[in-house]
Structures are given as structure tokens and as C-alpha cells.
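Residue 1005 in our numbering sits at position 20 of the sequence shown; the count goes up by one each step and never skips.
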Amino acid sequence: MSTSTKTIEITVSPEGAVRIKTVGFTGSSCRDATRDIERAFGVSGTEHLLPEYFNRTSTGERLQQGH
């Protein structure tokens, strides 16, 4: 079993754009981890899935941007 650290970075720009980045998640688990955060911030922007997202056996990463 892996003991890698999972992190969620939230950045809010001066203009109010929200960026959510996850590190240490595998596959779609990043979506589950950020669902409530996205709702709280009202994020409805574009989702950018990085290649790691599609690799189910290693660390995944996800970027979400919205206003």
C-alpha cells in the first residue's frame, strides 16, 4: 500500500479566479476529493486533466479553473 501524501492547492487570483490543483491522487479520486471545495467556491470553469490522471497506477494531478 502506498503512503504518498495527497495535497490540494487552492489559489484565488486578485480577479477572483479559483484554481484547484491536486497532487498525489490516482485516477478520478481527485474529483471526489475536490467536489465539496468546488461547490463551496462556486467553481464552474474549465477542467484540465493532466496525463497522470489517466494513469491508474501512479500519482495523478488535476487542475481546475473558474470564476
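All residues carry an ideal CB built from backbone N, CA and C; glycine is no exception.
Because the structure is a prediction, the values reported are computed rather than measured.
Query: Residue of C1015, G1027 and S998 minimising C-alpha distance to T1007; Result: C1015
Query: Delimiting residues of the beta strand (DSSP E) encompassing F1082; Result: Given that the chain is displayed from residue 986 to residue 1052, the structure contains no residue 1082 and the question cannot be resolved.
Query: Beta strand (DSSP E) segment containing E1000, residue limits; Result: Taken as a continuous stretch (DSSP letters only), E1000 belongs to no beta strand (DSSP E), as it is neither H nor E.
Query: Exposure of T996, with buried meaning 16 or more beta-carbon neighbours within 10 Å; Result: exposed
Query: Three-state secondary structure assigned by DSSP to A1019; Result: The sequence shown places Thr at residue 1019, not Ala. Looking at T1019 - three-state DSSP - the assignment turns out to be helix.
Query: Cβ shell of F1026 (< 7 Å), same chain only, five flanking positions each side left out; Result: V1003
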